[in-house]
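**Student:**
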Amino acid sequence: MEIMSLINALPGAAAQGLIWGIMAIGVYLTYRILDIADLTVDGSMCTGGAVCIMMMLAGNNVWVSMAAALASGMAAGLVTGLFHTFMGIPAILSGILTQLGLWSVNLKIMGKANQAINVDKFPLLVSLRFIKNVPFFKNTILIVALLTVILIAVLYWFFGTELGCSLRATGCNDKMARAQGINTDFGRVLGLMISNGLVAFSGALLTQYQGFADINMGRGAIVIGLAAVIIGEAVFGKVFRNFGFKLLAVSFGSIIYYLVLQVVIWRGIDTDLLKLLSALVVAVFLAIPVWQERYFTGVGKKNGAGKNAQRKGGNS
Amino acid sequence: MLEVKCISKTFNAGTVNEKQALKGLSLTLNDGDFVTVIGGNGAGKSTLLNAIAGTWKVDEGQIVIDGVDVTKYPEHKRAAFLGRVFQDPMNGTAATMGIEENLALALRRGDKRTLRKGIAAAERRLYRDMLAKLGLGLENRLTSKVGLLSGGQRQALTLLMATLKKPKLLLLDEHTAALDPKTAAKVLETTENIVNQDHLTTLMITHNMKDAIHIGNRLIMMNNGQIIFDVSGEEKKKLKVEDLLRKFAEASGEEFANDRMLLAN
């Protein structure tokens, strides 16, 4: 209950929030842009971590290892995308199937359920040891913040290109997209690949940060990702209109999530209950726009109905 | 320009809901034909347009557009030849994207989507000019989200998108049906202007018999998955709504039992 213990824990929480923020940006791409709730992420998070740690333990360069992690996540996204488009399985079920399959894949990559890496023996890019008392250029928070900014810049550029625009159209109104000659199946697969690539990259960072990869490390990742998206939109939605800033808001949302989590832990809550709490909070926040429309709109009721019609129109 | 050869389509085959929507239908459009399509509910009008657009594959038959056999082409590949406007104004545009972004998507129909910029700076002037011609004041709102526009504005924009890159064939599926009469008239006028100006080969479904007679150079009536009446030129110009109703009764052996169509007179 010591206030200093909380303050001491905050930088670590911020670093974790930043790392998970990259994962949450991946969730944002599928959930908000492609209009798919992609559950692959619960598995691909660990895949990224597993690939990164095994590559590093085998003596590979940290950047090569992280690139491999990114590629492994994209492969996972490709599988989900093919389940969904080529095999016609509903998106949410496609993600669940890949996620389940990845459990075995992750175990096979690591050889066992948990693999540790020693920060003193391997040149890790980030670590919970690099939060305080390190030269600033080695500071994990700075490094992850920089990576986040670079990733956002790349995504901002990409979604402004012809290809990126066609992805956005696919998520917004796939009937219109096809009528304009856009291959919506290809768009969905590509979107899922980019998203899961980011998630696995985040997993690679998290593994280095905590010094180990664990078969359970991605469990509930989708909920954390959604929480970050929702918090980011709730807090910064009115200020950040530009696409790049919207992605930044997701990263901020993730940081806020971890800071709040730290406070809750500091208040002495039973940590076994944290996942239940997260799930409930996300459920309530997902319900708020629906409730607003159903119970609290007087004059604006027509707008609400219109919004619904738009969604349906887009999916029919 | 368009050759539809003996196409058939059955929905829900083998179930109690089995419906043979198209029965060996053939249709040939000449270059520059503006054809209005009428018929009762379930006559197969929209099914015909969807068959041409490739929403699904036909069971039998062949579809040739501008000399290219597109029967096996998926929907997005056929889009290179087609401009489409749907009945529901929500369907033709991407609501969360800007007006110029929607137009830019349409300008690239049939092209490969690359990593070039989604909208080149030079395009904006073209968009502004084209929007100004619509007379809806959209030319100064290039970056506004399309979701903010009214149904009529969205439909006019969709029409522009469908014809921005000149299509081999323009498919209009009751594109004014969801609009109020005044807006519908305006969108219809715009349609005629664009079609005449670019000499577009057009198939337009309508439930308004007067429009069907007055607009275009050819009229086809559908019933039960087949074309039961096909008239063009002078003969079409002399048609009256009563003639169409009689023709329908003759051909189908039943009254033209479609309230919406009668009311629309």
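First to last, the protein sequences are chains C and W.
Under the working numbering, the first residue of the first sequence carries the number 949, and numbering increases by one thereafter.
Under the working numbering, the first residue of the second sequence carries the number -18, and numbering increases by one thereafter.
Glycine included, C-beta positions come from ideal geometry on N, C-alpha and C.
Just so we're clear, the structure is a prediction, and the values are computed from it rather than from any experiment.
Three-state secondary structure (DSSP) at C:K1123?
**Tutor:** Of the three classes helix, strand and coil, the one that applies to C:K1123 here is helix, per DSSP.
**Student:** Name the chain W residues whose beta carbon is nearer than 9 Å to that of C:G1139?
**Tutor:** Result: empty, since nearest Cβ-Cβ is about 13 Å, beyond 9 Å.
**Student:** Answer with buried or exposed for C:V989, where buried requires no fewer than 16 other C-beta atoms within 10 angstroms of its C-beta.
**Tutor:** The residue in question, C:V989, is buried, as its Cβ has 16 or more Cβ neighbours within 10 Å.
**Student:** Kindly say whether W:L86, judged by its beta-carbon, lies nearer than 9 Å to any beta-carbon of chain C.
**Tutor:** Interface residue, yes.
**Student:** Starting from the C-beta of C:Q1047, find all residues in its chain whose C-beta is less than 6 Å away, skip the five residues before and the five after it, and write them out in chain order.
**Tutor:** For C:Q1047, where only same-chain residues beyond five positions count, the Cβ hits under 6 Å are L987, T988, D990 and G991.
**Student:** What residue range is occupied by the uninterrupted alpha helix (DSSP H) comprising C:D1133?
**Tutor:** Taken as a continuous stretch (DSSP letters only), the alpha helix (DSSP H) holding C:D1133 covers T1132 to Q1158.
**Student:** Is there a Cβ from chain W that is less than 9 Å from the Cβ of C:I1213?
**Tutor:** No, C:I1213 lies away from the interface with chain W (no Cβ there is under 9 Å from its Cβ).
**Student:** I need the DSSP call for W:N121, collapsed to helix, strand or coil.
**Tutor:** Correct three-state label for W:N121: helix.
**Student:** Please report how far the alpha carbon of C:S1042 lies from the alpha carbon of C:G1173, in whole angstroms.
**Tutor:** Their Cα atoms are separated by approximately 18 Å.
**Student:** Applying the 10 Å Cβ sphere with the 16-neighbour rule, what's the burial state of C:N1164?
**Tutor:** The residue is exposed, with fewer than 16 neighbouring Cβ atoms inside 10 Å.
**Student:** Run through the DSSP bridge pairs and tell me what W:G20 is partnered with.
**Tutor:** W:G20 is bridged to W:M203.
**Student:** Check each residue of the segment 42 to 72 of chain W: if its Cβ is closer than 7 Å to any Cβ of chain C, include it; give the result in chain order.
**Tutor:** Those would be E56, H57, A60, A61, R65, D69, M71 and N72, in chain order.
**Student:** DSSP state of W:K221, grouped into three classes?
**Tutor:** Residue state, collapsed to three classes: coil.
**Student:** Would you give the residue range spanned by the alpha helix (DSSP H) that W:E41 belongs to?
**Tutor:** Careful: W:E41 lies outside any alpha helix (DSSP H), inside the beta strand (DSSP E) at E41 to I46.
**Student:** Express the C-alpha separation of W:K26 and W:L150 in angstroms, rounding to a whole number.
**Tutor:** Rounded to the nearest angstrom, the two C-alpha atoms are 16 Å apart.
**Student:** Give a yes or no on contact between the segment 953 to 972 of chain C and the segment 1071 to 1079 of chain C, applying the rule of three or more CB pairs nearer than 8 Å.
**Tutor:** The segment 953 to 972 of chain C, when compared against the segment 1071 to 1079 of chain C, does touch it at the 8 Å Cβ threshold.
**Student:** To which residues of the same chain is W:L117 closer than 7 Å at the C-beta, ignoring the five residues directly before and after it?
**Tutor:** Closer than 7 Å at the Cβ level, and outside the excluded window around W:L117, lie Q134 and A137.
**Student:** In angstroms, rounded to a whole number, what distance separates the CA positions of C:R1167 and C:G1059?
**Tutor:** When rounded, the distance between both Cα atoms is 19 Å.
**Student:** Taking the continuous alpha helix (DSSP H) assigned at C:N1062, which residues delimit it?
**Tutor:** Careful: C:N1062 lies outside any alpha helix (DSSP H), inside the beta strand (DSSP E) at N1062 to A1064.
**Student:** Would DSSP call W:F67 helix, strand or coil?
**Tutor:** Looking at W:F67 - three-state DSSP - the assignment turns out to be coil, as it is neither helix nor strand.
**Student:** Nearest-angstrom Cα distance between C:A1273 and C:P1083?
**Tutor:** This structure cannot settle anything about residue 1273 of chain C, because the visible part of chain C is limited to 949 through 1264.
**Student:** Run through DSSP, which three-state label would C:M1003 get?
**Tutor:** Helix at C:M1003.
**Student:** Just to make sure I have the definition right: I need the residues of chain W whose C-beta is within less than 9 Å of the C-beta of C:R1189. Which are they?
**Tutor:** Under the 9 Å cutoff, chain W gives no residues; its nearest Cβ is about 10 Å from C:R1189.
**Student:** Under 9 Å, do C:A1175 and C:V999 count as touching if we go by C-beta distance?
**Tutor:** Taking 9 Å as the Cβ cut-off, C:A1175 and C:V999 do not qualify as a contacting pair.
**Student:** Hey, W:A76 and W:N204 are a contact pair by Cβ (cut 8 Å); roughly how many whole angstroms apart?
**Tutor:** Incorrect: roughly 36 Å between the Cβ atoms, too far for contact.
**Student:** According to DSSP, simplified to helix, strand and coil, what is C:K1186?
**Tutor:** Of the three classes helix, strand and coil, the one that applies to C:K1186 here is coil, per DSSP.
**Student:** Would you mind sorting C:N1256 into buried or exposed? The rule is 16 or more other CB atoms within 10 Å of its CB.
**Tutor:** At C:N1256 the pLDDT is 42, less than 50, meaning the model places this residue with poor confidence and gives no usable figure here.
**Student:** Identify which residue in W:D224, W:M202, W:K219 and W:N198 has its Cα closest to the Cα of W:S213.
**Tutor:** Among W:D224, W:M202, W:K219 and W:N198, the Cα nearest to that of W:S213 belongs to W:N198.
**Student:** Between which two residues does the alpha helix (DSSP H) holding C:T1046 run?
**Tutor:** Here the alpha helix (DSSP H) through C:T1046 covers A1039 to M1058.
**Student:** Report the option in C:D1162, C:N1121 and C:L1225 whose CA atom is closest to the CA atom of C:A1064.
**Tutor:** It is C:D1162 whose Cα lies nearest to the Cα of C:A1064.
**Student:** Where C:F1244 and C:I1236 are concerned, what is the direct C-alpha to C-alpha distance, given to the nearest angstrom?
**Tutor:** Going from the Cα of C:F1244 to the Cα of C:I1236 covers about 10 Å.
**Student:** Report all residues from its chain with a CB closer than 6 Å to the CB of C:A1061; omit the five preceding and five following residues, and keep chain order.
**Tutor:** Counting only Cβ-Cβ distances below 6 Å, and skipping sequence neighbours, we find I1163.
**Student:** Do you know how far the Cα of C:I1142 is from the Cα of C:A1023?
**Tutor:** C-alpha separation (whole angstroms): 10 Å.
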